[in-house]
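*Asks:* Counting from 5, one number per residue, gives the positions in the sequence shown under the working numbering. For each residue, glycine too, the CB sits at the ideal point set by N, CA and C. Please see the structure below; I have some questions.
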Amino acid sequence: MVTSLAAVVLSLSLLLTMLSYSALHRLEHSQALPITTDSGPQSAAVQKPAPATRSKLWWWLLLFWVYCLCFGAVAFFSSNLIKNQFAPLASVQRFSRKLAEGDTDQRLQLNGEGQLPALVQDLNQLAEQLDGQRRQLLQLSFRDSLTGLANRNQFFLWLKQAAAAAQPFALLMMDLDQFKRVNDSLGYESGDQLLLAVADRLQGAMASLCQGEFRLARFSGDEYGILLLGDRAGEIAESVAQGVQMVMAESFSQDGHEFQVGGSIGISLYPQDGDTPPQLLKNAEMAMYQAKADGPCGYRFFAEFMGLSAIKRMTVEMELGRAIENSELRLYYQPKFDVGERVMVGSEALLRWQHPKRGLIGPDYFLEVAEQTGLIGPIGQWVCAEVCRQLAAWEGTPLGRLPVAFNLSAAEFNRRDVAADLQRELQRHQVEPSLVQVEITETTIASNEARVGAELEQLRQLGVKVWIDDFGTGYSSLGYLRRFAVDGVKIDRSFVSEVAHNPADANLCGAIVAMASQLQLAVVAEGVETRAQYNLLEQSGCAQAQGFFYARPISPEVLGKQAGHLLQLEPLHSMNRLREDINKELGYL
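Printed below as a string of structure tokens:
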């Protein structure tokens, strides 16, 4: 500011000096003007200014010029002095502005005394703190806080760089198969320790499995991503997947416990399976889900049909969510009969979906999607509440004395508190607990023996009956009967369907009936469809049966109408007439 003013003053002084000099020069050399006298006009030169006047004028101009020159010099030197005095403050200002813009790598260096060096020190400390926070934020953005591996964001950047290079690479996605059991049984802290152990094992394994360049990341939860780079990435992807699964098959030690935690792996290849990172990730995940559906500890390469399956799954998921809100779910009841007395002794509630376009749909169409997406939780709660509501509605009628069974899947035990939900509904509808039976498969028990066993014990304490469904298809059937207190077993339909043609199946059914009798357990044979099957089951001593030979699953309204026939003693030849009546009600005839 001062420097600019000094420059202006000097320029004005120089301009005035030049103008003054020009005026004097014109005054001294001006021509004489004509003068009129009494004697007539005559020519005479104009009188020039006196020498004293010109001298004074020159001295005034000289003094003015010297004044302006002094003023400019003072202004110039004052500007430099002020600039030198305030230069540190200007440096502090620039430093603060850069900090505000996010430049935390710089440091301010100033010499001096007083409060300014202390201010500079505080600013440098602030810059160091901001720089540390910036680095921490970068680490949180691109690094997994638990394992220290790269996270999904960093892995996505690696994929973008690899795709930009237009070189072949392979993407492997791995999801741990039994990790949830660790969290449920030992808690989340032990689960975190297991994830650390998995990360360390993967890092060590990849160094030996992959001869080329690779990248490893933890996405979230128990998902890990592996990026194989190089021309041979597609060729070695399968051997790397097999090697990873062999390494993961080795047991982990955690808090004095041994765990077998395998992994399901999905593989997508660039550019065959996609040319963008989002598409490659999506396809690898679909292949991983397919591998998990095929069985634990498997791997699958992406194929086009998986994309179609994913679209169907997404469609079913959206429609099923609306079905819960729009009350499109239904319960149909299949009667259970006493084999000897040929009379109805109970029923099993079976889930159906009254689809607005597809009509009545069985659970095979949507149950797997419900379990994978978590919708099985609200659906299971609805089934529990509807069974209790229906029992309360039947109270005072002949059907109100008969128990109703419904199925519980493994996913339900993971999604909700089964015992607490059932207890609440029993109290809400004032239903006798002994009228409710829950059926679980051996696979459900095996999924989490500790939690499922505890829930089953709570159910039995409530007075609810517990049955093992599909008995004989698992590999630990007798062990479950020994470890868990149950009230009955259901012989799987795969044995019943061949009982009339395969002596081995007939003997097996007889053995199950004899064993259950010794253990004082009830037995139900499911899937009875022919008279020959009925006769052999009756000879084996099987007490109860259900199937199309007796009745199809029917709505509660139809069941109420046919209760008079179902609950009275009927000769065997009348079963055909009963089935015809029920089929007419259902519209099959």
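Considering only the alpha carbon of each residue, which of A549, S413, L523 and V251 lies closest to Q385?
*Replies:* For the purposes of this step, residue 385 is taken as the residue at position 381 of the sequence shown. Checked all of A549, S413, L523 and V251; the closest Cα to Q385 is S413.
*Asks:* From which residue to which residue does the beta strand (DSSP E) around V265 run?
*Replies:* Taking the sequence shown and counting its residues from 1, the one referred to as residue 265 is at position 261. Per DSSP, V265 belongs to no beta strand (DSSP E) and is neither H nor E.
*Asks:* Please go through the stretch 134–203 and give each complete alpha helix (DSSP H) segment of 4 or more residues, from N-terminal end onward.
*Replies:* List check, alpha helix (DSSP H) in window: 156–169 and 183–190.
*Asks:* Three or more C-beta pairs closer than 8 Å, one from the stretch 252–261 and one from the stretch 194–210: is that the case here?
*Replies:* Yes, the stretch 252–261 touches the stretch 194–210.
*Asks:* Are three or more beta carbon pairs between the stretch 455–463 and the stretch 502–522 nearer than 8 Å?
*Replies:* In short, these stretches do not touch, since the Cβ pair count stays below three.
*Asks:* Quick check: the Cα distance between I328 and W471, rounded to an integer number of angstroms?
*Replies:* Here residue 328 corresponds to residue number 324 of the sequence shown, with the count starting at 1. Here residue 471 corresponds to residue number 467 of the sequence shown, with the count starting at 1. The straight-line gap from Cα to Cα measures roughly 27 Å.
*Asks:* Output the boundary residues of the beta strand (DSSP E) element that contains R464.
*Replies:* As a working mapping, residue 464 is identified with position 460 in the sequence shown. Taken as a continuous stretch (DSSP letters only), R464 belongs to no beta strand (DSSP E), being part of the alpha helix (DSSP H) at E453 to L466.
*Asks:* Which partner residues of F256 appear in the DSSP bridge assignment?
*Replies:* The sequence position of residue 256 within the sequence shown is 252, counting from 1. Answer is F263.
*Asks:* Please return the same chain residues whose Cβ sits closer than 6 Å to the Cβ of N411, not counting the five positions on each side in sequence.
*Replies:* Translated into the one-based positions of the sequence shown, residue 411 becomes position 407. Counting only Cβ-Cβ distances below 6 Å, and skipping sequence neighbours, we find E443.
*Asks:* Taking the beta strand (DSSP E) that F223 falls in, what are its first and last residues?
*Replies:* In the sequence shown, counting from the first residue as 1, residue 223 sits at position 219. Note, F223: beta strand (DSSP E), F218 to S224.
*Asks:* In angstroms with no decimal places, state the Cα-to-Cα distance between Y367 and A423.
*Replies:* In the sequence shown, residue 367 corresponds to position 363, counting from 1. In the sequence shown, residue 423 corresponds to position 419, counting from 1. Just to set this straight, residue 367 is Pro in the shown sequence, not Tyr. Taking the straight line joining both Cα atoms gives about 23 Å.
*Asks:* Taking only the alpha-carbon atoms, compute the straight-line gap between L232 and N287 and give it to the nearest angstrom.
*Replies:* Working through the sequence shown from its first residue, we reach residue 232 at position 228. Working through the sequence shown from its first residue, we reach residue 287 at position 283. One C-alpha to the other measures close to 16 Å.
*Asks:* When we look at the beta-carbon of Y192 and count the other beta-carbons within 10 Å, is it buried (16 or more) or exposed?
*Replies:* The residue given as residue 192 occupies position 188 in the sequence shown. Under this definition Y192 is an exposed residue.
*Asks:* Would you kindly check if the distance between the Cβ of M210 and the Cβ of S268 is under 8 Å?
*Replies:* On the sequence shown, position 264 is the one that residue 268 refers to. On the sequence shown, position 206 is the one that residue 210 refers to. Cβ distance not < 8 Å, so S268 and M210 don't count as in contact.
*Asks:* Could you pull out every unbroken beta strand (DSSP E) segment of at least 3 residues lying fully inside the stretch 516–568, listed in chain order?
*Replies:* Listed in chain order, they are 526–530 and 548–550.
*Asks:* Among E446, T447, T445 and L430, which has the Cα closest to the Cα of L439?
*Replies:* In the sequence shown, the residue the question calls residue 439 occupies position 435. Residue L430 is the option with its Cα nearest to L439.
*Asks:* Quick one: what's got a C-beta closer than 7 Å to A396's C-beta in the same chain, skipping five residues either side?
*Replies:* As a working note, residue 396 is residue 392 in the sequence shown. Closer than 7 Å at Cβ, skipping near neighbours: H433, Q434 and V435.
*Asks:* Along the chain, which unbroken stretches of the beta strand (DSSP E) at least 3 residues long are found entirely within the stretch 308–375?
*Replies:* Qualifying beta strand (DSSP E) stretches, in chain order: 333–342, 347–359 and 363–365.
*Asks:* For S212, does the count of other Cβ atoms within 10 angstroms reach 16, so buried, or fall short, so exposed?
*Replies:* Mapped onto the sequence shown, residue 212 falls at position 208. Exposed, since its Cβ has fewer than 16 Cβ neighbours within 10 Å.
*Asks:* Between which two residues does the alpha helix (DSSP H) holding L284 run?
*Replies:* Here residue 284 refers to the residue found at position 280 when the sequence shown is read from its first residue. P281 to D298 is the extent of the alpha helix (DSSP H) around L284.
*Asks:* Please confirm if the stretch 162–179 is in contact with the stretch 232–251, defined as three or more CB-CB distances below 8 Å between the two stretches.
*Replies:* In short, these stretches touch, since the Cβ pair count reaches three.
*Asks:* Can you tell me the Cα-Cα spacing of N452 and G247, whole angstroms?
*Replies:* Working through the sequence shown from its first residue, we reach residue 452 at position 448. Working through the sequence shown from its first residue, we reach residue 247 at position 243. So the two alpha carbons sit approximately 27 Å from each other.
*Asks:* Based on Cα-Cα distance, which residue from N511, A529 and L354 lies nearest to G492?
*Replies:* By 1-based counting over the sequence shown, the position of residue 492 is 488. For G492, the nearest C-alpha among the options comes from A529.
*Asks:* Rounded C-beta distance between A354 and Y336? I'm assuming under 8 Å.
*Replies:* Looking up residue 354 in the sequence shown gives position 350. Looking up residue 336 in the sequence shown gives position 332. Reading off the sequence shown, one finds Leu at residue 354, where the question assumed Ala. Indeed, because the Cβ distance is near 5 Å, the residues count as touching under 8 Å.
*Asks:* Is it true that the stretch 311–321 meets the stretch 333–349, where meeting means three or more beta-carbon pairs spaced less than 8 Å apart?
*Replies:* Touching, no, given that fewer than three Cβ pairs across the two stretches are closer than 8 Å.
*Asks:* Is it true that the stretch 343–351 meets the stretch 293–305, where meeting means three or more beta-carbon pairs spaced less than 8 Å apart?
*Replies:* The answer is no - the stretch 293–305 does not touch the stretch 343–351, with fewer than three Cβ pairs under 8 Å.
*Asks:* Among G311, E321, L176 and Q264, which residue has its Cα nearest to the Cα of P300?
*Replies:* Locating residue 300 in the sequence shown gives position 296, where the first residue counts as 1. With distances taken between Cα atoms, P300 lies closest to Q264.
*Asks:* Please return the same chain residues whose Cβ sits closer than 6 Å to the Cβ of A409, not counting the five positions on each side in sequence.
*Replies:* On the sequence shown, residue 409 is found 405 positions in, with the first residue counted as 1. The residues are E352, Q441 and E443.
*Asks:* Can you list, in chain order, the residues of its chain with a C-beta nearer than 7 Å to that of Q445? Leave out the 5 residues immediately preceding and following it.
*Replies:* Along the sequence shown, one-based indexing puts residue 445 at 441. Residue 445 is actually Thr in this sequence, not Gln. So the qualifying residues of the chain are D473 and D474.
*Asks:* For L403, I'd like the list of residues in its chain whose CB is within less than 6 Å of its CB, leaving aside the five on either flank, ordered along the chain.
*Replies:* Along the sequence shown, read from residue 1 onward, the residue named residue 403 stands at position 399. Around L403: A567.
*Asks:* Determine which residues share a DSSP beta bridge with Q276 and list them.
*Replies:* The residue you call residue 276 lines up with position 272 of the sequence shown. Answer is none; Q276 lacks a bridge partner.
*Asks:* Within 10 angstroms of the Cβ of F309, are there 16 or more other Cβ atoms? Answer buried if so, exposed if not.
*Replies:* Position 305 of the sequence shown, counted from the start, is the residue given in the question as residue 309. F309 should be labelled exposed.
*Asks:* Of the choices R346, A221, C214 and W398, whose alpha-carbon is the least far from that of F146?
*Replies:* Reading the sequence shown from its first residue, position 142 is the one you call residue 146. It is A221 whose Cα lies nearest to the Cα of F146.
*Asks:* My understanding is that P339 touches Y554, with C-beta atoms under 8 Å, so please give their C-beta distance in whole angstroms.
*Replies:* Locating residue 339 in the sequence shown gives position 335, counting from the first residue. Locating residue 554 in the sequence shown gives position 550, counting from the first residue. Correct: roughly 6 Å between the Cβ atoms.
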